[in-house]
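Novice: Mapping of the sequence shown onto our numbering: residues 35 to 205, in sequence order.
Backbone N, C-alpha and C fix where the C-beta goes; we use that ideal spot for every residue, glycine too.
Take a look at the following structure, please.
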Amino acid sequence: MDMLVAAVGGSKATLYKHFPSKDSLVAGLMQDVADVVNRPAPMIVADDAPLVAALTAFGESALRGVVSRQAIAILRLCLGEYSRFPELSAVVWEHGPAVTYANFRDFLEQRRADGELLVDDAQLAAEQFIAGIVGHLQLKVAMGIAEPPDEAEIARRVASAVEAFLAAHAT
Numbered sequence: 035m036d037m038l039v040a041a042v043g044g045s046k047a048t049l050y051k052h053f054p055s056k057d058s059l060v061a062g063l064m065q066d067v068a069d070v071v072n073r074p075a076p077m078i079v080a081d082d083a084p085l086v087a088a089l090t091a092f093g094e095s096a097l098r099g100v101v102s103r104q105a106i107a108i109l110r111l112c113l114g115e116y117s118r119f120p121e122l123s124a125v126v127w128e129h130g131p132a133v134t135y136a137n138f139r140d141f142l143e144q145r146r147a148d149g150e151l152l153v154d155d156a157q158l159a160a161e162q163f164i165a166g167i168v169g170h171l172q173l174k175v176a177m178g179i180a181e182p183p184d185e186a187e188i189a190r191r192v193a194s195a196v197e198a199f200l201a202a203h204a205t
């Protein structure tokens, strides 16, 4: 908290007024990242959105979110501080990936009910889809050995994952 006050100015009292704990500060940061990842939610949950378009929108937003400056900073913080603050990881998970997975599982269940998808395990399908997009890229960006992808690379990765996902799950 001292480092934040030094970086942005103000006082610790003001910071604690807005964020009463470190967990609440991290939760606020994760909400910002989750907002980026889940931005296309209306298209994803719309029953009439074409399946490929909805998967593509979700995939592109997810990839942009997980390699964003904020997400990478939070990942580095969680990994670096795990031994001192293991509860931080739970806060990050619950406000970030857990929300994304829940939204995507709901989408998959709806599309399964509509007869568009054959999905036995929505969580596993969601993890495989997102892993097919992100792969090790987030880790490489966090480690400083890769840059976040440009729009062409995002489109390439997402199109490949959508194709593989549909090959496995489309009716």
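Determine contact between the segment 93–111 and the segment 165–177, defined as no fewer than three beta-carbon pairs at a distance below 8 Å.
Specialist: As far as the Cβ criterion goes, the segment 93–111 touches the segment 165–177, which means the pair count is three or higher.
Novice: Once you ignore the five residues that flank Leu109 on each side, which residues in its own chain have a CB closer than 6 Å to its CB?
Specialist: Counting from one through the sequence shown, the residue named residue 109 turns up at place 75. Taken in chain order, the residues that qualify are Ala176.
Novice: Below 8 Å, can you find three or more Cβ-Cβ pairs linking the segment 184–197 to the segment 124–131?
Specialist: The answer is no - the segment 124–131 does not touch the segment 184–197, with fewer than three Cβ pairs under 8 Å.
Novice: Give the DSSP-derived three-state secondary structure of Leu85 in the structure shown.
Specialist: Here residue 85 refers to the residue found at position 51 when the sequence shown is read from its first residue. Residue state, collapsed to three classes: helix.
Novice: Can you check which of these residues, Phe53, Ser45 and Leu85, is closest to Gly149 by C-alpha distance?
Specialist: If you number the sequence shown from 1, residue 149 lands on position 115. With distances taken between Cα atoms, Gly149 lies closest to Leu85.
Novice: Is it true that the CB of Leu142 sits closer than 8 Å to the CB of Ala156?
Specialist: For the purposes of this step, residue 156 is identified with residue 122 of the sequence shown, where counting begins at 1. For the purposes of this step, residue 142 is identified with residue 108 of the sequence shown, where counting begins at 1. A contact, by the Cβ cut-off of 8 Å.
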